[in-house]
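J.:
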Amino acid sequence: MADKNFDIDFHLRHSAPALNPGGMDELMKLVSRLHGRLLDRTRPLWEMYLIEGLEGNRFGIYTKTTTRW
């Protein structure tokens, strides 16, 4: 069943460390900041971030979900 109110662009996001290219320290700071934000309880409780701009032409994927319904 399709949800006409579902907005994939809200859940799939791009991000990058403040220092570009970023190393492990910058990646951890970014993920810490992203993790500290509360999920919007009026929407499905998940977010996924494509993290670009890491050293060695690498990228990361960070997914935030909840176990509470």
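Every letter in the sequence shown is one number past the one before it in this note's numbering, and letter 14, counting from 1, is 0. We treat Cβ as the ideally placed atom computed from N, Cα and C, and that holds for glycine.
If you run the structure through DSSP and keep just helix, strand and coil, what is LYS(-10)?
T.: Reduced to three states, the DSSP call for LYS(-10) is coil.
J.: Throw me the rounded Cβ distance for the LEU25 and LYS50 pair, which I believe falls under 8 Å.
T.: The Cβ separation is near 7 Å, so the contact holds.
J.: Please report the distance separating the alpha-carbon of HIS(-3) from that of ARG19.
T.: About 17 Å.
J.: So, for PRO30: in the same chain, excluding its five sequence neighbours on each side, which residues have a beta-carbon less than 8 Å away from its beta-carbon?
T.: The answer, listed in chain order, is PHE(-8), HIS(-3).
J.: Please state whether the Cβ-Cβ distance between PRO3 and ILE37 is less than 9 Å.
T.: It is a contact, given that the beta carbons lie within the stated cut-off.
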